[in-house]
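Enquirer:
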Amino acid sequence: MAATRTEPGTTSVRVGVLTVSDRCSRGEAEDKSGPNLQNLVKSSTLNVSKVLYECVPDERDEIRRVLLNWSDVEELHLVFTTGGTGFSPRDVTPEVTAEVIERSAPGLSLGMLCGSLKVTPMAMLSRATCGIRKGTVIVNLPGSVKGSQECFQFVLPALPHAIEVLRSSPNVGVTHAAMQHVCPHTAHNKPVQDLSKVAERDRHSPYPLVRMDEALSMIMNNSNCLSTTVIPIEDALGYVLASDVSAKEPLPPFPASVKDGYAVLASDGPGERVVLGAVTAGEVVACKVTSGHVMRINTGAPLPPGADAVVQVEDTELLESDNDGRTEKKVKILTTPKPGHDIRPVGFDVSVGQQVLTTYQKLGPAELGLLASLGVTKVEVFQKPRVAVLSTGNEVVNPGEETKPGQIRDSNRVALKSLIKMHGFEPLDLKIAADTPLEVESSLKSGLEKADVLVSSGGVSMGEKDFLKPVLQDRLGATIHFGRVFMKPGKPATFATTTNGGKKKLIFALPGNPVSAMVTFNLFVLPAVRKMAGSQHPQLTKIKAKLPQPVNLDPRPEYHRVTLSWKPGEAVPSAVSTAGEVIERNRMSNSLGLFLGGIFALVVAGYIAQSRLPPPKPRIIGIDLGTTFSCVGVYQAITGHIDILANENGTKVIPSVVAFTNEGVLVGKRALDQAELNPRSTIYDAKRFIGKTFTKEDLEKLSSLYQFKITSDEKNNPKFVVESHGNVTLVSPEEIGAAILRELKITAERNITRAVNQAVMSVPAEFNMAQRNATIRAAALAGIKVVRLINEPTAAAMAYGLHKKERVSNVMVVDLGGGTLDVSLLNIQGGMFVTMAMAGNNRLGGQDFNSRLMSYLMAVIKDRFGEELTNAEDIQRLRQEVESTKINLTTEGAVVVKLLLPSLNHRDKHVIFEETITRLTFEKLNDDLFQRVLQPIQRVLKEVDLPKEYVDEVVLVGGSTRIPKVRQIIEEYFDGKKPNVAIDPELAVATGVAIQAGIIGGMWPLQVSALELPNHNLRKIQIES
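Numbering of the sequence shown is given in UniProt numbering, commencing with residue 1 and proceeding in unit increments.
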């Protein structure tokens, strides 16, 4: 069901950005104008609550389809097209727009033309068409980033009023009053309110009740990051980084000892050694360690010349000393050291050029310490907003003043300023404004000149002295986005924006009741100021808690103040209300004392009322972008069911393959099917390269493993060399990922019949920040905003419901996919996940099992028919049969391989090859590979010194774990403990990310979110095949 366009009393705007470009739609070029317009729209004064994005070729039907869908089905308020407005024969955007619109708006076109002509005479070649279809304004913009941005700025001043008029907004009257002339459509609204006429005040609020999610969306869409500044690291605690930080020198800068012991030559082995002397931290010695000699060394000290290992002091024995025990002369080495043992090599912690901190990372003590260790003294950060605090009311006096009859002391200002300080922001005290329009206006103006955010308390309800809203709207020209919220307490809470000094200012007019003010500050103001300060996750943390007694539900989402208490042995706390249920309901709007138990907002949502509504469509999708296969899923509200979505061919999992052909870009199975015929321009395994840098030598080695060519740019970023339309093009791993993600996005939108542009995505646990950021960039190229990245093992554990368990659990996740084996040991407690250790083999997976069977069948064919199979099409058909055979052998004891091989003419007849493959044959062919599955499992347990009996759960992930022999080997290793295979292993990660997407999207029923705690000592042990 489409959203309702006409919303009197609100001003949230839904916008669509349509890029029209043949090359961008095929993935041959990056769309820069579309994403730039999205950012411009979101940061503008339009109060955007939703932005849809799509990229289509210069085809009439495609352009028309999107415009009609966005106007008639999605009922957007505003649509911008970019591209296709020039003189090229394929530039048809204006013609299609003219066919779609019902009324033209030549003034918008003229405004853009006049503005553009002042910039360049080439603007005369633009043919932009603008107009209205139903309640949607459609504006054609040029295709270039510069031209589209300039034209957007030219028309922006007129757009808010145009949208208000189209949907009969109450703000029309305000705009017309400011214009000081009579306009043909002024009759929509009442005139500016005369605040002195008490009898004529509103008896019912003119502001509609908005849902909590809508209110938060309006706030977040209007909360933009502030500008950046450079400050010393000593002052940077709590700030958010505005640029990446890379190491200019390695850490450690020299080979350093990990332990107190002796620097030795590993080749000497165990035995007696002469002690040459000592080397301590901060000291560099010239003495060289030679055979038969050692040097005593302290933790952190540089390794002396000649030494290549360190033996800890516990593994030695003193044989001879001198100088009354002050000097060691001879020791005995009791162990056999290996080269590099207990040594941190140069750059072990941080290598030169390594990205150590990323944009949007919050700076805490550990981050600042890391910067100091690397010699960084200043950092670029986002400025923190200044927050002004104002109390209103004739009855309110300062805390130190004597109260007169009818007066109360002002607690709100002290509490709100303290909250602001507690969260690391600077409050500005605006004191108390009396209940007169003039004083309220004066205080608001003063605050808006000095602060980025203004928070007031009081004056927002229906009383005759509640002047905040009319003063904001009528006297300050502010846009009120909402004036009432469907919540308890805090119903009169108001959010508005205005422009002061060319800057956007946010205004939160909170209720005067102390409890309501505190609740609404935490729910509305705090996330906004966090986002303005650069935080990418500004929302409040949610945790699961138990209620010790039943709570009567209100139809409104209800926010109780509670204390949390943990009982010994329980991971989930109990939430105890700070007052009894009856007392709470009677005093909720009057007692600040009830808040003193803690400001943990326990959301007791009106589930009964919500459950009667039609289930909302998912807003956020979950994507598993795999090395070999990829898929997308959604979390369904109310039922809590996870749907892994099938594409138009009914397939839920697509190969992570992209092919570049003369007919266009192919993705998934279509790309895989033609791989043998187009090997040099069919790209797979792109995930292995994303976010990494390679030397030319590394790429030469890697290129030998693939049929396509790999090169690098000047920054050592890998590029795939492909040929399309006779042209050679360099394509990045991010662009390959974007093509796959675009395909998954299309699948999701077709299944849930709505546009989606947000996703939770999974990444390998060992991915560093550069790889994670590259994954986010790939999603952005596909028109997807990544709201959270989650580690693949964590996602798999969530799929099995392990995030709901209260007790502490050690979970082994074995992920055996098409090309890689990854093993992770997780420690899980009440929704908190810590990855304890990882190991893996990047060259072991289903493709390797297929290769063994493929080689076997190729040998059978050669032996039977006397010639090798060399035809690319026949080889591809055989390869497909091999994949099918492997899958069928998971459930059957034997499979017959039967296919026509036209390239083999045996006695002038086409050859039909037929061979029976038993499961036993398949297992013998791959026996050594199957046994290698245990190697990373054993290494992970050894890394954390955990006996296998202490593993509580073994979870299997990846399609290759369906193979019975793999399951058998793992079960036998864990002494009969059966692995958890309740969920399709190929879909487990996608299921987990879909659950997380549903949680972030606020879908019912509520679940515990996965909270991944960082393990800074984590490293992946790589086992070579």
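Quick reminder that beta carbons are idealized off the backbone N, C-alpha and C, glycines included.
Which runs of the alpha helix (DSSP H) spanning at least 4 residues fall entirely within the segment 943-977, listed in chain order?
Expert: 964-973
Enquirer: Tell me which same chain residues have a C-beta within less than 8 angstroms of the C-beta of ASP268, skipping the five on either side of it?
Expert: Mapped onto the sequence shown, residue 268 falls at position 268. The answer, listed in chain order, is SER291, GLY292 and ILE333.
Enquirer: Would you call the segment 843-855 and the segment 882-890 in contact, with 3 or more CB pairs under 8 angstroms?
Expert: yes
Enquirer: Find out if the Cβ-Cβ distance for the pair LEU547, THR498 is shorter than 8 angstroms.
Expert: Position 547 of the sequence shown, counted from the start, is the residue given in the question as residue 547. Position 498 of the sequence shown, counted from the start, is the residue given in the question as residue 498. Not in contact: LEU547 and THR498 (Cβ atoms no closer than 8 angstroms).
Enquirer: With distances taken from CA atoms, which of TYR262, ASN222 and PHE689 is nearest LEU506?
Expert: Here the question's residue 506 lines up with position 506 in the sequence shown. For the residues TYR262, ASN222 and PHE689, the minimum Cα distance to LEU506 belongs to ASN222.
Enquirer: I think VAL529 touches PHE425, with their Cβ atoms under 8 angstroms apart; what is that distance to the nearest whole Å?
Expert: Residue numbering aside, residue 529 sits at position 529 when the sequence shown is read from its first letter. Residue numbering aside, residue 425 sits at position 425 when the sequence shown is read from its first letter. Between PHE425 and VAL529 the Cβ distance is about 6 angstroms, and since that is below 8 angstroms, they are a contact.
Enquirer: By the three-class DSSP mapping on this structure, what secondary structure does ALA575 have?
Expert: If you number the sequence shown from 1, residue 575 lands on position 575. Three-state DSSP puts ALA575 in a strand.
Enquirer: Can you tell which of VAL100, LEU987, ALA105 and GLY668 has its C-alpha closest to the C-alpha of VAL957?
Expert: Mapped onto the sequence shown, residue 957 falls at position 957. Checking every option, the nearest Cα to that of VAL957 belongs to LEU987.
Enquirer: Within this structure, are the beta carbons of VAL955 and MET812 separated by less than 8 angstroms?
Expert: The residue you call residue 955 lines up with position 955 of the sequence shown. The residue you call residue 812 lines up with position 812 of the sequence shown. Yes. Within cutoff.
Enquirer: Would you call the segment 987-997 and the segment 758-766 touching, i.e. three or more CB-CB distances under 8 angstroms?
Expert: yes
Enquirer: Quick one: measure Cβ to Cβ for VAL814 and ILE970, integer angstroms, because I've assumed they're closer than 8 angstroms.
Expert: Within the sequence shown, residue 814 is the residue found at index 814, counting from 1. Within the sequence shown, residue 970 is the residue found at index 970, counting from 1. Rounded, the Cβ-Cβ distance is 6 angstroms, consistent with contact.
Enquirer: I want to know whether the segment 352-369 touches the segment 427-434 - three or more CB-CB distances under 8 angstroms.
Expert: no
Enquirer: If you follow the alpha helix (DSSP H) that THR93 is in, where does it begin and where does it stop?
Expert: If you number the sequence shown from 1, residue 93 lands on position 93. Its alpha helix (DSSP H) spans residues 93-100.
Enquirer: Is TYR559 helix, strand or coil by DSSP?
Expert: Residue mapping note: residue 559 aligns to position 559 of the sequence shown, counting from 1. Correct three-state label for TYR559: strand.
Enquirer: What are the boundary residues of the alpha helix (DSSP H) that includes TYR856?
Expert: Counting from 1 along the sequence shown, the entry for residue 856 is found at position 856. Unbroken alpha helix (DSSP H) run through TYR856: 846-865.
Enquirer: Do you know offhand how far ASN810's Cα is from VAL944's?
Expert: In the sequence shown, counting from the first residue as 1, residue 810 sits at position 810. In the sequence shown, counting from the first residue as 1, residue 944 sits at position 944. Rounded to the nearest angstrom, the two C-alpha atoms are 11 angstroms apart.
Enquirer: For the beta strand (DSSP E) containing ILE231, name the first residue and the last one.
Expert: Position 231 of the sequence shown holds residue 231. Segment 228-232, the beta strand (DSSP E) holding ILE231.
Enquirer: Check whether the segment 67-80 touches the segment 159-167, taking contact to mean three or more Cβ pairs, one atom from each stretch, closer than 8 angstroms.
Expert: With a cut-off of 8 angstroms, the segment 159-167 and the segment 67-80 count as touching, because enough Cβ pairs lie within range.
Enquirer: If you scan the segment 226-314 from start to end, which runs of the beta strand (DSSP E) of 3 or more residues do you find wholly inside it?
Expert: 228-232, 261-264, 271-279, 293-297 and 309-312
Enquirer: Answer yes or no: do ILE740 and VAL658 have a C-beta to C-beta separation smaller than 8 angstroms?
Expert: As a working note, residue 740 is residue 740 in the sequence shown. As a working note, residue 658 is residue 658 in the sequence shown. In contact: ILE740 and VAL658 (Cβ atoms closer than 8 angstroms).
Enquirer: For the segment 761-773 and the segment 684-701, state whether three or more C-beta atom pairs, one from each stretch, are separated by less than 8 angstroms.
Expert: yes
Enquirer: Please return the same chain residues whose Cβ sits closer than 8 angstroms to the Cβ of SER535, not counting the five positions on each side in sequence.
Expert: Counted from its first residue, the sequence shown places residue 535 at position 535. These residues qualify, in order along the chain: VAL240, TYR360 and LYS362.
Enquirer: Go to PHE425, then tell me how far its beta strand (DSSP E) extends in each direction, as first and last residue.
Expert: Taking the first residue of the sequence shown as 1, we reach residue 425 at position 425. The continuous stretches of beta strand (DSSP E) do not include PHE425, and DSSP gives it neither H nor E.
Enquirer: Report yes if the C-beta distance between GLN354 and SER243 is below 8 angstroms; otherwise report no.
Expert: Your numbering for residue 354 matches position 354 in the sequence shown. Your numbering for residue 243 matches position 243 in the sequence shown. Not a contact, by the Cβ cut-off of 8 angstroms.
Enquirer: Count the other C-beta atoms from every protein chain shown that fall within 10 angstroms of the C-beta of HIS725, then say buried if there are 16 or more, exposed otherwise.
Expert: Within the sequence shown, residue 725 is the residue found at index 725, counting from 1. Exposed is the call here.
Enquirer: Distance check for ASN841 and VAL823, CA to CA, integer angstroms please.
Expert: Position 823 of the sequence shown holds residue 823. Position 841 of the sequence shown holds residue 841. For VAL823 and ASN841, the distance between alpha carbons rounds to 9 angstroms.
Enquirer: Run the CB neighbour count on PRO184, radius 10 Å, all protein chains shown included, and call it buried at 16 or more, exposed below.
Expert: Residue mapping note: residue 184 aligns to position 184 of the sequence shown, counting from 1. Because the pLDDT of PRO184 is 34, which lies under 50, any placement of that residue in the model is unreliable, and the number read from its coordinates should be weighed accordingly. Exposed, because fewer than 16 other Cβ atoms sit within 10 Å of the Cβ of PRO184.
Enquirer: Does the Cβ of CYS114 have 16 or more other Cβ atoms within 10 Å, making it buried, or fewer, making it exposed?
Expert: On the sequence shown, residue 114 is found 114 positions in, with the first residue counted as 1. Per the 10 Å Cβ criterion, exposed.
Enquirer: In whole angstroms, give me the CA-to-CA distance for ILE623 and ALA158.
Expert: Along the sequence shown, read from residue 1 onward, the residue named residue 623 stands at position 623. Along the sequence shown, read from residue 1 onward, the residue named residue 158 stands at position 158. Computed Cα separation, rounded: 39 angstroms.
Enquirer: Closer than 8 angstroms is the cut-off here; do at least three beta carbon pairs connect the segment 774-785 with the segment 697-712?
Expert: no
Enquirer: For a test of the three-state rule: what should DSSP assign to MET487, helix, strand or coil?
Expert: Position 487 of the sequence shown, counted from the start, is the residue given in the question as residue 487. In the structure shown, MET487 sits in coil (DSSP, three-state: anything other than H, G, I, E or B).
Enquirer: If contacts are defined as beta-carbon pairs under 8 angstroms, then SER903 and ASN871 qualify, I think. What distance do you get, rounded to the angstrom?
Expert: Taking the sequence shown and counting its residues from 1, the one referred to as residue 903 is at position 903. Taking the sequence shown and counting its residues from 1, the one referred to as residue 871 is at position 871. Indeed, because the Cβ distance is near 3 angstroms, the residues count as touching under 8 angstroms.
Enquirer: Please name the residue or residues paired with LYS709 in a DSSP beta bridge.
Expert: Against the sequence shown, residue 709 aligns to sequence position 709. For LYS709, which the question treats as bridged, DSSP gives the partners VAL721.
Enquirer: Please go through the same chain and pick out, in chain order, the residues whose beta-carbon is closer than 6 angstroms to the beta-carbon of ARG211, but skip the five residues on each side of it.
Expert: As a working note, residue 211 is residue 211 in the sequence shown. Only PHE486 meet the Cβ criterion.
Enquirer: Report the rounded CA-to-CA distance for GLU648 versus THR747, giving the unit in angstroms.
Expert: Position 648 of the sequence shown, counting from 1, holds the residue named residue 648. Position 747 of the sequence shown, counting from 1, holds the residue named residue 747. Rounded to the nearest angstrom, the two C-alpha atoms are 7 angstroms apart.
Enquirer: Taking PHE495 as part of the beta strand (DSSP E), name the residues at either end of that continuous run.
Expert: The count along the sequence shown starts at 1 and reaches residue 495 at position 495. Per DSSP, PHE495 belongs to the beta strand (DSSP E) from 494-500.
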